[in-house]
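> Residues 189 to 491 in our numbering are what the sequence shown spells out, letter by letter. Ideal Cβ positions, reconstructed from N, Cα and C, are used throughout, including at glycine. Please read all numbers here as calculations on a predicted model, not as lab measurements. Please see the structure below; I have some questions.
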Amino acid sequence: MFNIFSNAFDNLKNAVSKTAQTLVGNVVDSIKSEDEFSDFVLDDMEDLLISADLGVKYTSELVDNLRGQNKIKPKDVKDYLKKSFLETLNNAGSTKLNLSDGLNIFFITGVNGVGKTTLIGKLAYQFKRSGKKVLVAAADTFRAAAEEQLDIWSKRAGADIVRKDKGDAAAVVYEAIDKANAEKYDILLVDTAGRLQNKFNLMEELSKIKSVIDKKAPESLKECILVLDANTGQNGLQQAKIFLEAVNLTSVALTKLDGSAKGAIVLAIAKELKLPVKLIGVGEKMEDLKEFIPNDFIEALFV
Ligand SMILES: Nc1nc2c(ncn2[C@@H]2O[C@H](COP(=O)(O)OP(=O)(O)OP(=O)(O)O)[C@@H](O)[C@H]2O)c(=O)[nH]1
Ligand SMILES: [Mg+2]
């Protein structure tokens, strides 16, 4: 097993501070001095949780549990939320990246601009730092300059790249798998396009690339990661549903958590899709990637 992400989690608290305020602070502040969970108090709580992007379904469940019971009081709301949130994250599956000896392929998907290429650069850097042989495949052959951008990231990280200017995305991946196997790479990170002419074309291309991997190296495909921008909030949930239909996602990487007030989407994804968030992006620099650890995330939210 690889031991990446040995860097400490110092700025996690900073990264989630806005989410902590909208999701926890506002709720606690508005109801802590109430005596009972009256309908009025519960309505207030419901509005606040929905506006924090927790989602209607999850919010209703949390609020309905408090209706007509007399064990939990409004002053206990912080503990109640903390316990429920942690349980939700733990129920969504392991948040550890799936890695083993031999070649590990990570297939990176997501709509345009969410941070796929940046994530690959950051991952390549972390894996290189832990002494692994890393190859990246430039399978975003749609956007002009996409391959160049990945090239810059891979050089910075010290990884190798397979690119074919304006070639076919599936062919790039085909060649990358051959190279990875022949030259005994530990890690192959596949970058993909976020936008094609339309949603149908994008999903078609992703399933085509996926089927190349499934045919050539099925046992090496360790993670199918959906990259979501934390700022898109509930919209991210809709995106996840579309990608889930096209490829078998194994996990989510949530980027741009730094400064976002909508980090509650982590919980909505865990609850509704049972898909674990495994990575979080907390800035634009190469080091700004963290492994998602539910306990740390919850502790940072509930300081
Ligand atoms: N603040 C912040 N910015 C980020 C993070 N991750 C990515 N970005 C920025 O988001 C922008 C888009 O990133 P890309 O990696 O190019 O996104 P992409 O998904 O590859 O985009 P397409 O290739 O167009 O589909 C860049 O300006 C990145 O610097 C993050 O964790 N935090
Ligand atoms: Mg890109």
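Taking just the CA atoms, how far does Thr305 sit from Phe338?
Looking up residue 338 in the sequence shown gives position 150. Looking up residue 305 in the sequence shown gives position 117. Looking at the sequence provided, one finds Leu at residue 338 rather than Phe. About 6 angstroms.
> For Asn199, which three-state DSSP category applies?
Start at 1 with the first residue of the sequence shown, and residue 199 comes out as number 11. DSSP places Asn199 in coil when its eight states are reduced to three.
> Once you ignore the five residues that flank Val397 on each side, which residues in its own chain have a CB closer than 8 angstroms to its CB?
In the sequence shown, counting from the first residue as 1, residue 397 sits at position 209. It should be pointed out that residue 397 corresponds to Ile in this sequence rather than to Val. Here the set comprises Phe295, Ala327, Ala357, Ala358, Val361, Val378, Thr380.
> Which residue or residues does DSSP assign as beta-bridge partners of Ile468?
By 1-based counting over the sequence shown, the position of residue 468 is 280. Bridge partners of Ile468: Leu442, Lys478.
> Is the beta carbon of Gln209 within less than 7 angstroms of some heavy atom of ligand 1?
As a position in the sequence shown, residue 209 is number 21, starting the count at 1. Result no, Cβ not under 7 angstroms from ligand 1.
> Should Val435 be listed as close to ligand 1, given that the test is whether its C-beta is under 7 angstroms from any heavy atom?
As a position in the sequence shown, residue 435 is number 247, starting the count at 1. Checking every heavy atom of ligand 1 against the Cβ of Val435, none is found closer than 7 angstroms.
> Tell me the DSSP secondary structure of Leu430 in three-state form.
Within the sequence shown, residue 430 is the residue found at index 242, counting from 1. A quick correction: the sequence has Ile, not Leu, at residue 430. DSSP places Ile430 in helix when its eight states are reduced to three.
> Could you check where the alpha helix (DSSP H) with Asn389 kicks off and where it finishes?
The residue you call residue 389 lines up with position 201 of the sequence shown. Where Asn389 is concerned, the enclosing alpha helix (DSSP H) stretches over 387 to 404.
> Taking 5 angstroms as the limit, name every residue whose beta carbon sits nearer than that to some heavy atom of ligand 2, in sequence order.
That query returns the following residues: Lys304, Thr305.
> Less than 7 angstroms between the CB of Gln337 and some heavy atom of ligand 1, yes or no?
Working through the sequence shown from its first residue, we reach residue 337 at position 149. For ligand 1, at least one heavy atom lies less than 7 angstroms from the Cβ of Gln337.
> Of all the options Lys321, Lys320, Lys354, which has the alpha carbon lying nearest to the alpha carbon of Glu336?
Walking along the sequence shown from the start, residue 336 turns up at place 148. Out of Lys321, Lys320, Lys354, Lys354 has the C-alpha closest to the C-alpha of Glu336.
> Would you mind reading off the limits of the alpha helix (DSSP H) that contains Asn278?
Sequence index remark: in the sequence shown, residue 278 carries index 90 (1-based). Looking at the DSSP string, the run of the alpha helix (DSSP H) that includes Asn278 is 265 to 279.
> So what does DSSP say about Glu234, is it helix, strand or coil?
In the sequence shown, residue 234 corresponds to position 46, counting from 1. Helix at Glu234.
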